[in-house]
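Numbering (my numbering), first residue to last: -7 to 398.
Ideal Cβ placement from N, Cα and C applies to all residues, glycine included.
Quick notes on the structure that follows.
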Ligand code: C6P
C-alpha cells in the first residue's frame, strides 16, 4: 500500500479523523477490537432498515430475505477460511464462545478422566479457562507448552508433552501479547500423529493473515468478527463436519431442534444443531461485509503492510532507552508489547492517552504469560490495516515524553 492508497483507505473509517483531548486520534488498540469501515456500518444499518425479520422461521418475504443474507454470510466465511462447506461454519458470539463450545460439546463425548489437553503458556484466558472448567467436570489433565525467553513456543517440550493420553491440543495461531505466529501446521501434524484433535484460536491471526483451514490441517478454528473490522457479538467456530456431527448440542432451545416432544427431542442438521435461539443475523451480515472489505484490499496486501509497520515499530521503540520489548520471534504479527524501566504500564497508557494515542495496558487476559516474564502488566501497541508509520513515530515520541516525566 502506498501513502496515497493508505490515505484514501483511512477515509473509509470516519472515527480515524476524530480527536481526543484536542489531539488527532491514533488508534493502536486493534488487537482488542478494530475500527469499522463505513461499508460494514452501512451493511448493518441497511439490514435493520430494509430486511429486518427473524431468520429460518417466516414464510414471509422479509424473513426469507434476512435468511438469505444470513446464509450467504456463512458461505462467505466458509470461502474466506477455506472450509469444505458451510455446514462446518457455526456462528457464535465470538472466539470465547467458540472455544467454550468445543470444550463443552467435544469434551462431553470424547474426553474422560485422565485424558490430556495441551495448551500453551501464551494462551489468552479464553483458551485456558474453558479447559479448566472441563478439568473440574471430567477430571482431565491440562498440560502446558512453555514459552522461550524470546517468546516462541518450546517445540521440543511440546513433542515431549504429546502421548497416547493427549486428546486435544489447543493453541493460538498468533499471540495477542507477543505477536508470535506459532507453527500451527506442524503442531497439528504432531498432534494428529498421536490421535489428538487440534484446535486453533485464530482470534488474532484471521484479521492479519490469509487463513486456510485445510492447509493448516486443524480440526477446529475460532475467531471473532469485531477484531476483523466487523461487528461485536458475532464470531465463528469452524469444525470438521465429521467431528461436529458426533458432538452433542452445546445449548438447547429454538432453532437447533428437528422435533420436540416430552417423550424426546431430535436435533437439527449441521450447523443449526449448535445455534440455539435467534442468531445474530444482523451481525453475520456485518461480518460478511467485513470479509468483503478485507478481500477487496487483499489479505496478502494487509499482511505485508502490517509486517512493514511491525518492523518499523520494533526499530523505533527498540531505540528508546530503558524500553523492553516482550517477544522477539522471527515469525510475528502486528503486536508490540513493552515496558519502560520501572514506569508502571498504567501510567504509560494513561499519559499516552492524553496525547491522543490509544494503547492497551495490563495483563491482556494472559496472566500466565505475564508471570512467565515476571511482570504484572505490559503496554501493548497493536496495528491494523489503516495504521501508518507516522502514527508509530508519534507513539515513539509519546513514550519518550512519558519517560522524561519520570
Ligand atoms: N483478546 C485483547 O485485547 P473475544 O473476546 O471472544 O472476542 O476474544 C477472546 C480472545 C481469544 N483469543 C485471543 C488470542 C484473543 O486475543 C482474544 C481477545 C483481546 O487481546 C481482548 S482481551
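Where does residue i land, buried or exposed, given buried means 16+ other C-beta within 10 angstroms?
| i | result |
| --- | --- |
| residue 77 | exposed |
| residue 80 | buried |
| residue 6 | exposed |
| residue 361 | buried |
| residue 9 | exposed |
| residue 223 | buried |
| residue 398 | exposed |
| residue 90 | buried |
| residue 297 | buried |
Taking the C-alpha atoms as reference points, what is the distance between residue i and residue j?
| i | j | result |
| --- | --- | --- |
| residue 264 | residue 14 | 49 Å |
| residue 179 | residue 144 | 13 Å |
| residue 268 | residue 149 | 40 Å |
| residue 154 | residue 394 | 46 Å |
| residue 351 | residue 3 | 21 Å |
| residue 330 | residue 389 | 15 Å |
| residue 241 | residue 86 | 17 Å |
| residue 441 | residue 193 | With the chain represented from -7 up to 398, any question about residue 441 goes unanswered, as that position is not in the structure. |
| residue 75 | residue 41 | 31 Å |
| residue 152 | residue 127 | 21 Å |
| residue 243 | residue 221 | 28 Å |
| residue 400 | residue 255 | The first residue shown for the chain is -7 and the last is 398, placing residue 400 beyond what the model contains. |
| residue 266 | residue 259 | 9 Å |
| residue 322 | residue 38 | 43 Å |
| residue 120 | residue 111 | 7 Å |
| residue 211 | residue 231 | 6 Å |
| residue 344 | residue 335 | 13 Å |
| residue 93 | residue 348 | 38 Å |
| residue 209 | residue 187 | 13 Å |
| residue 108 | residue 100 | 14 Å |
| residue 308 | residue 385 | 7 Å |
| residue 33 | residue 157 | 47 Å |
| residue 399 | residue 289 | In the structure displayed, the chain extends from -7 to 398; residue 399 sits before or after that span and is not available. |
| residue 138 | residue 113 | 5 Å |
I need the boundaries of the beta strand (DSSP E) containing residue i, first residue and last residue.
| i | result |
| --- | --- |
| residue 324 | Premise fails: residue 324 is in no beta strand (DSSP E) and is neither H nor E. |
| residue 354 | 352 to 354 |
| residue 394 | Taken as a continuous stretch (DSSP letters only), residue 394 belongs to no beta strand (DSSP E), being part of the alpha helix (DSSP H) at 381 to 397. |
| residue 193 | 189 to 193 |
Between which two residues does the alpha helix (DSSP H) harbouring residue i extend?
| i | result |
| --- | --- |
| residue 102 | 99 to 102 |
| residue 114 | No alpha helix (DSSP H) holds residue 114; DSSP gives it neither H nor E. |
| residue 373 | No alpha helix (DSSP H) contains residue 373, which is instead part of the beta strand (DSSP E) from 370 to 374. |
| residue 313 | It is not in any alpha helix (DSSP H) - residue 313 carries neither H nor E in the DSSP assignment. |
| residue 0 | -5 to 2 |
| residue 342 | 337 to 346 |
| residue 361 | 359 to 364 |
Flag this pair as touching only if the segment 67 to 76 and the segment 47 to 58 have three or more C-beta atom pairs under 8 Å; answer yes or no. Touching, no.
Three or more C-beta pairs below 8 Å linking the segment 11 to 21 and the segment 376 to 389: Inter-segment contact for the segment 11 to 21 and the segment 376 to 389 is present: three or more beta-carbon pairs are separated by less than 8 Å.
Is there contact here, the segment 268 to 288 with the segment 127 to 136, by at least three beta-carbon pairs under 8 Å? No, they do not touch.
Please specify which runs of the alpha helix (DSSP H), each continuous and at least 4 residues long, are wholly inside the segment 208 to 291, giving them in chain order. With a minimum length of 4 residues, the continuous alpha helix (DSSP H) runs that stay inside the segment 208 to 291 are 233 to 238 and 273 to 289.
Fully enclosed by the segment 123 to 156, which beta strand (DSSP E) runs are 3 residues long or longer? Counting only runs of 3 or more, we get 133 to 137.
Stretch pair the segment 357 to 364 + the segment 162 to 182: three plus CB contacts closer than 8 Å: The segment 357 to 364 vs the segment 162 to 182: in contact.
Minimum length 4: unbroken alpha helix (DSSP H) runs contained in the segment 160 to 187: Counting only runs of 4 or more, we get 176 to 185.
Restricting to runs no shorter than 4 residues, where is the alpha helix (DSSP H) found entirely within the segment 22 to 107? For the segment 22 to 107, whole alpha helix (DSSP H) runs of length 4 or above, ordered along the chain, are 30 to 42, 53 to 73, 87 to 93 and 99 to 102.
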